[in-house]
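Numbering (this note's numbering), first residue to last: 393 to 488.
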């Protein structure tokens, strides 16, 4: 694999570790939504729900393990943008 940033490049052998770093898999955010349930027959109901989830922005920072690559590639941060999504659920319930 060859990496090039602003004219500086280095090669990394496939299968070897070229960068080290950490990231967090736990993201906090907020959710808003609503739903309802309708009883359409004795013992039966239909339900629907909508949720909007926003977990903010995510990024990761890594440090290069290779030597002689210059200051431009010794560390990088990748920004992944917003982590938001929509959830829609529907279902049918039987009440005992």
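Quick reminder that beta carbons are idealized off the backbone N, C-alpha and C, glycines included.
Taking the alpha-carbon positions, what's the residue 410 to residue 478 distance?
-> To locate residue 410, count along the chain shown from 1; it is residue 18. To locate residue 478, count along the chain shown from 1; it is residue 86. One C-alpha to the other measures close to 36 Å.
Do you know how far the Cα of residue 421 is from the Cα of residue 434?
-> Locating residue 434 in the chain shown gives position 42, counting from the first residue. Locating residue 421 in the chain shown gives position 29, counting from the first residue. Rounded to the nearest angstrom, the two C-alpha atoms are 39 Å apart.
Pairwise C-alpha distance: residue 446 and residue 471 | The sequence position of residue 471 within the chain shown is 79, counting from 1. The sequence position of residue 446 within the chain shown is 54, counting from 1. Going from the Cα of residue 471 to the Cα of residue 446 covers about 16 Å.
Residue 442 and residue 425: beta carbons closer than 8 Å?
-> Looking up residue 442 in the chain shown gives position 50. Looking up residue 425 in the chain shown gives position 33. Yes. Within cutoff.
Would you tell me roughly how many angstroms separate the C-alpha atoms of residue 473 and residue 418, rounded to the nearest one?
-> Reading the chain shown from its first residue, position 81 is the one you call residue 473. Reading the chain shown from its first residue, position 26 is the one you call residue 418. In a straight line, the C-alpha of residue 473 is about 15 Å away from that of residue 418.
List the endpoints of the continuous beta strand (DSSP E) containing residue 423.
-> Reading the chain shown from its first residue, position 31 is the one you call residue 423. Run containing residue 423: 422-433, per the beta strand (DSSP E) assignment.
Which whole-angstrom value is the C-beta distance of residue 475 and residue 450, which I expect to be below 8 Å?
-> On the chain shown, residue 475 is found 83 positions in, with the first residue counted as 1. On the chain shown, residue 450 is found 58 positions in, with the first residue counted as 1. Confirmed, about 5 Å.
Euclidean distance between Cα positions of residue 437 and residue 483 = Indexing the chain shown from 1 puts residue 437 at position 45. Indexing the chain shown from 1 puts residue 483 at position 91. So the two alpha carbons sit approximately 8 Å from each other.
To which residues of the same chain is residue 486 closer than 8 Å at the C-beta, ignoring the five residues directly before and after it?
-> Here residue 486 refers to the residue found at position 94 of the chain shown. Closer than 8 Å at the Cβ level, and outside the excluded window around residue 486, lie 435, 436.
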